[in-house]
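Colleague: Start counting at 1 in the sequence shown, then tack on 1368, and there's your number in the numbering used here.
We treat Cβ as the ideally placed atom computed from N, Cα and C, and that holds for glycine.
Have a look at this one before I ask anything.
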Amino acid sequence: MPLHPFLVKTNAYQLIKIICRPFYSVFRYMEYLSFVKKHNAKGQINDYYNSSATYKNRYQLHESILTKLNNKSVLYYEFGVAGGDMIKYWSSHNTSKDSRFVGFDSFEGLPESWEDKEKSHFDQKGNFPDIPDSRVSFVKGWFQDTVYKTLAQSTFEKQCVFHLDADLFSSTLYVLFQLQPKLKPNDILIFDEFSSHEHEFRALEIFKKCCNDQWDFKFLGAVNNYRQVAFILKSKS
Ligand SMILES: C[S@@+](CC[C@H](N)C(=O)[O-])C[C@H]1O[C@@H](n2cnc3c(N)ncnc32)[C@H](O)[C@@H]1O
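Dropping the structure here:
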């Protein structure tokens, strides 16, 4: 039925868009809840349901991964660094001299608003965190300008830990697709705002589909009611 000429001519689509938008978001939220249901009580750490969730608990998830790695040398890539709390944590807890820790950020804050945070939130005025460790380095700029080039010049033989902490759907999806050719079994992916179902969760769901569900994202754990979630990649047999 050729309804669309009518909708376009009358601008009625604008109204329908406004009416339907909340339903779209509810649908996404239900998808996210089905993820929670599927993984409930699984993983090496899982605090669901935690009535006293606090952002500080995210260290428990990272600690459990660091313990599993047992100070093995790794490549730790963090997408979204801001003040550097997590890259500092990883570089001080993994002391292998061959490990490398690379942080990507504009250091000018978010390129668009995210949930209740305005565009430019997390702005560091262009400054890197001060981490006196030669194994740590930073790549400044928008991911869309820096990630492709940097990944092309890097080697990925070591086990990698990819920490996705850019919050936004657009930034997370972009990074996932750039990482796709580099991924290998046993690489670890950590999402810092996974429960932001319109953003990091949605980006991962789309990425998985676009890769023909090539990877088994084996669930490692979640804290803060699935706000922070980690996976280890396994080949599908
Ligand atoms: C939540 S903060 C990172 C927090 C940090 N990982 C920590 O543990 O404290 C999100 C960061 O992502 C960065 N970011 C988001 N999208 C980006 C993009 N497309 N390019 C560069 N930086 C981006 C923002 O500048 C911001 O500093």
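Return yes when at least one heavy atom of ligand 1 lies under 7 Å from the C-beta of A1520, else no.
Modeller: Here residue 1520 corresponds to residue number 152 of the sequence shown, with the count starting at 1. A1520 Cβ: outside cutoff for every heavy atom of ligand 1.
Colleague: Are there any heavy atoms of ligand 1 lying less than 7 Å away from the beta-carbon of Q1512, as far as the coordinates show?
Modeller: For the purposes of this step, residue 1512 is identified with residue 144 of the sequence shown, where counting begins at 1. At least one heavy atom of ligand 1 is nearer than 7 Å to the Cβ of Q1512, so yes.
Colleague: With 16 as the cutoff for other CB atoms within 10 Å, does N1462 come out buried or exposed?
Modeller: Here residue 1462 is taken as the residue at index 94 of the sequence shown, counted from 1. The residue in question, N1462, is buried, as its Cβ has 16 or more Cβ neighbours within 10 Å.
Colleague: Among the residues of its own chain, which have a CB less than 7 Å from the CB of K1456, if the five just before and after it don't count?
Modeller: In the sequence shown, residue 1456 corresponds to position 88, counting from 1. So the qualifying residues of the chain are P1497 and I1499.
Colleague: Does G1494 pass the burial test, meaning 16 or more other C-beta atoms within 10 Å, or should it be called exposed?
Modeller: By 1-based counting over the sequence shown, the position of residue 1494 is 126. With fewer than 16 other Cβ atoms from the protein chains shown falling within 10 Å of its own Cβ, G1494 counts as exposed.
Colleague: Using DSSP's beta-bridge definition, name the partner residues of S1603.
Modeller: For this step, residue 1603 is matched to residue 235 along the sequence shown. In the DSSP output, where bridge partners are listed per residue, S1603 has W1583.
Colleague: Return the residue from the list I1600, S1603 and R1595 that minimises the CA-CA distance to A1421.
Modeller: For the purposes of this step, residue 1421 is identified with residue 53 of the sequence shown, where counting begins at 1. Taking only the C-alpha atoms, the option nearest A1421 is R1595.
Colleague: How many angstroms separate the CA atom of W1583 from the CA atom of S1603?
Modeller: Reading the sequence shown from its first residue, position 215 is the one you call residue 1583. Reading the sequence shown from its first residue, position 235 is the one you call residue 1603. Cα to Cα, the separation comes out at about 5 Å.
Colleague: Give me the Cβ distance between H1565 and Y1400, rounded to the nearest whole Å; I'm assuming they're in contact under 8 Å.
Modeller: For this step, residue 1565 is matched to residue 197 along the sequence shown. For this step, residue 1400 is matched to residue 32 along the sequence shown. Contact holds; Cβ gap of about 4 Å.
Colleague: L1544 and L1588 - do their beta-carbons sit closer together than 8 Å?
Modeller: Here residue 1588 refers to the residue found at position 220 of the sequence shown. Here residue 1544 refers to the residue found at position 176 of the sequence shown. Going by C-beta atoms, L1588 is not nearer than 8 Å to L1544.
Colleague: Helix or strand or just coil, what does DSSP make of H1531?
Modeller: Here residue 1531 refers to the residue found at position 163 when the sequence shown is read from its first residue. H1531: strand per DSSP, three-state reduction.
Colleague: Compute every distance between the C-beta of G1451 and the non-hydrogen atoms of ligand 1, then say whether any falls below 7 Å.
Modeller: Reading the sequence shown from its first residue, position 83 is the one you call residue 1451. Yes; taking the cut-off as 7 Å, the Cβ of G1451 has a heavy atom of ligand 1 nearer than that.
Colleague: State buried or exposed for V1394, treating a residue as buried only when at least 16 other CB atoms are found within 10 Å of its CB.
Modeller: Here the question's residue 1394 lines up with position 26 in the sequence shown. With fewer than 16 other Cβ atoms within 10 Å, it is exposed.
Colleague: Mapping the DSSP letters down to three states, classify V1504 as helix, strand or coil.
Modeller: Counted from its first residue, the sequence shown places residue 1504 at position 136. Note: V1504 maps to strand in three-state DSSP.
Colleague: Given a threshold of 16 other Cβ atoms within 10 Å of its Cβ, counted over all protein chains shown, does R1389 qualify as buried or as exposed?
Modeller: Your numbering for residue 1389 matches position 21 in the sequence shown. Exposed.
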